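Per my numbering, the sequence shown starts with residue 37, numbered consecutively.
We put the beta carbon where it would ideally sit given N, CA and C, even for glycine.
Keep in mind it's a predicted model, so treat the numbers as computed, not measured.
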Amino acid sequence: MVTAIIFSIIFALGNAGVLFLSQKCFGRLPQGERLERIKQSPNYDGKQFKSLDSTVNIVYEKSKLQVWKEFLFGDGSNVQLAPDEPLQVLRTDLKSLPKDKDWLVWFGHSSYLMNLSGKTFLVDPILYAGSPVSFVNKMFKGTDVYKPKDFPDIDYLVISHDHWDHLDYEAVVELEPHVGKVILGLGVGEHFEYWGYPKEKLIELDWWDKSSLGVENFEVTATPARHFSGRDLHQNKTLWCSYALKTPKRTVWIGGDSGYGKHFAMIGEKFTDIDLAIMENGQYNKDWEFVHTMPEYLGKEMVELNAKRYLTVHHSRFALSKHDYREPLENAKRAAQESGKPVLMPQMGEVVYLE
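Structure representation (structure tokens):
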């Protein structure tokens with residue numbers, strides 16, 4: 037969100053903004069056959085993708101003067117956005133973890149590595165930066181631990197959407213030789229082809245599309261989310277997704293970013309055997325209440341999904357919004373009580389075995 041404000045400011049600077057936005061890291065808008073496919077999507081209105089529920093984004097409705105003022109000087113709130121001291125992150129040897137057990141390692145924010153029935157899934161890896169400029173969306177001290185060289189070969193790279201805090205250009209380019217396939221939303225493949233990924237590596241899905249992943253007893257379904265997309269001034273030209281991932285042992289729901297909406301109940305009714313639901317919890321405020329989960333809805337979302345257990349992400353690594361950096365962990369505890377289901381709360385870098 038803050039990155040989008042940066043773009044508005046840079047755009048106002050004229051030619052400097054044009055040069056800035058022409059960098060390869062911003063990706064490329066869908067074109068050719070991919071654009072024609074997008075035009076056939078029931079979730080595309082002829083100009084942009086839309087969520088099932090309306091997503092009024094108040095940030096873009098404020099006056100430019102107000103946006104600039106809040107970005108440069110804050111909004112007057114007096115909360116601790118970031119820790120004073122470096123956070124403790126466990127340094128796990130990811131390459132030595134067993135392939136015959138199901139496990140998950142969370143790296144902070146929405147980045148995590150899973151081994152499921154012998155296949156590795158890396159979700160939304162932010163390993164270098166969550167922004168195109170170094171002074172915005174800086175990682176909390178101590179959380180910049182893991183780099184692409186630390187990862188085993190990745191069978192499936194999973195991208196929920198193309199925002200900068202979920203799609204790290206430098207990381208995915210460096211990872212490419214070690215990635216088997218990429219699971220992503222419709223249109224996001226344009227960025228990856230532009231960055232050197234061969235088209236045959238891309239599994240590009242519209243909501244409710246399924247893919248067998250080319251492996252027996254594995255299947256992924258792209259499911260809806262209530263969010264938006266864009267790496268520059270163009271919004272909603274690519275699709276944002278959550279995913280239901282079925283493996284021989286379990287179903288894992290990868291939530292991506294989403295405000296509360298009717299899709300949570302739809303997903304819970306369609307996938308009645310979710311073992312683990314990984315949900316957004318953090319970087320929220322009233323301006324973004326339709327595109328991020330507000331604390332009062334987290335427990336309700338859990339009830340409607342009706343998973344066996346939960347893990348909340350999108351917190352503990354960046355201060356993209358104006359809440360205390362510790363607040364999402366309290367939200368998770370409260371939501372566990374409301375849902376009556378366990379919520380996993382691992383330390384960053386800790387191995388969680390899924391039994």
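Nearest residue (CA-CA) to residue i, options the options
i, options, result
"I290", "E212, W276, A118 and V388", "W276"
"V54", "L149, L269, I162 and Q383", "L269"
"T329", "H199, L152, P168 and S294", "S294"
"V388", "N253, L312, G376 and E366", "L312"
"L88", "E210, P260, S147 and C61", "P260"
"W142", "D136, L71, P134 and F157", "F157"
"V208", "H263, S247 and P184", "P184"
"H202", "Q319, W243 and H214", "Q319"
"V181", "Y164, Q271 and K60", "Y164"
"D198", "V159, Y148 and G266", "G266"
"A301", "L193, G335 and Q116", "G335"
"V159", "K137, V194 and I310", "V194"
"D61", "L149, S147 and Y230", "It should be pointed out that residue 61 corresponds to Cys in this sequence rather than to Asp. Ranking L149, S147 and Y230 by Cα distance to C61 puts Y230 first."
"K285", "L238, L152 and F228", "L152"
"P382", "Y346, P331 and S248", "Y346"
"K237", "F228, M384 and W244", "F228"
"S196", "T179, Q84, F264 and M150", "F264"
"T287", "Q84, Q116, F56 and D138", "D138"
"Q76", "W243, Y205, P234 and K377", "W243"
"T348", "P331, V379, R370 and S357", "V379"
"Y148", "G292, K369 and S357", "G292"
"Q116", "A372, S357 and P331", "S357"
Beta-carbon contacts of residue i that lie in its chain and below 6 Å, excluding the five residues immediately before and after
i, result
"L241", "A258"
"K400", "One cannot answer for residue 400 here, as it falls past the ends of the chain, which runs 37 to 391."
"I94", "Residue placement at I94 is flagged as unreliable, the pLDDT there being 48, under the threshold of 50; the coordinate-derived value follows with that caveat. Cβ neighbours of I94 beyond the five flanking positions: D323."
"Y80", "I74"
"Y333", "Y296"
"W104", "Low per-residue confidence applies at W104: pLDDT is 48, beneath 50, and the placement is therefore not dependable, though the value from the model is reported in the following sentence. Around W104: no qualifying Cβ."
"K344", "D311"
"E210", "P184"
"Y96", "Any reading at Y96 must be qualified, since the residue scores a pLDDT of 49, below 50, and its modelled position is unreliable; no value is offered."
With 16 other Cβ atoms within 10 Å as the buried cut-off, status of residue i
i, result
"R362", "exposed"
"T274", "buried"
"E391", "exposed"
"S99", "Only weak support exists for where S99 lies, its pLDDT of 49 falling under 50; the value from the coordinates is given anyway. Label assigned to S99: exposed."
"N114", "exposed"
"F354", "buried"
"P364", "buried"
"E337", "buried"
"R127", "exposed"
"E340", "buried"
"S375", "buried"
"Q67", "exposed"
"K282", "buried"
"S170", "exposed"
"D189", "exposed"
"P78", "exposed"
"E316", "buried"
"S132", "exposed"
"P161", "buried"
"N173", "buried"
"L108", "Confidence at L108 is low in this model, with a pLDDT of 49, below 50, so the placement of that residue is unreliable and no value is reported for it."
"K217", "buried"
"D136", "exposed"
"G232", "exposed"
"G221", "buried"
"G82", "exposed"
Cβ shell of residue i (< 8 Å), same chain only, five flanking positions each side left out
i, result
"T308", "N342"
"F176", "A118, P119, P122, L123, G144, S352, R353, F354, A355 and Y361"
"E386", "L126, T128, V141 and W142"
"S248", "F254 and E255"
"K394", "Lying outside 37 to 391, the shown extent of the chain, residue 394 is not represented and no answer is given."
"P134", "N151"
Beta-carbon separation (whole angstroms), residue i vs residue j, contact threshold 8 Å
i, j, result
"R64", "E212", "The pair is not a contact, with the Cβ atoms about 16 Å apart (cut-off 8 Å)."
"V393", "I219", "Outside the shown range of the chain, which is 37 to 391, sits residue 393, and nothing can be said about it."
"I314", "A280", "About 11 Å; that fails the 8 Å criterion."
"R262", "H299", "7 Å"
"N321", "H350", "13 Å between Cβ atoms; not a contact."
"S90", "F326", "7 Å"
Proximity test, Cβ basis, 9 Å: residue i and chain B
i, result
"T329", "Although the question refers to chain B, the structure presented lacks it and comprises just one protein chain."
Same chain, Cβ closer than 7 Å to residue i, five either side skipped, listed in chain order
i, result
"G223", "P66, R70, I74, K273, T274 and L275"
"D394", "A question about residue 394 goes unanswered here, because the residues of the chain that appear run from 37 up to 391."
"S58", "none"
"K235", "E229"
**OP:** Scan the region 253-302 and note each continuous alpha helix (DSSP H) run of 4 residues or more that stays entirely inside, going in chain order.
**Re:** none
Subject >> Uninterrupted beta strand (DSSP E) stretches inside the region 288-374 (no shorter than 3 residues) >> reply: Here the runs fully enclosed are 310-316 and 345-349.
**OP:** Let me know the beta strand (DSSP E) ranges lying completely inside the region 132-199, each 3 residues or longer, listed in chain order.
**Re:** For the region 132-199, whole beta strand (DSSP E) runs of length 3 or above, ordered along the chain, are 139-142, 148-152, 155-159 and 190-194.
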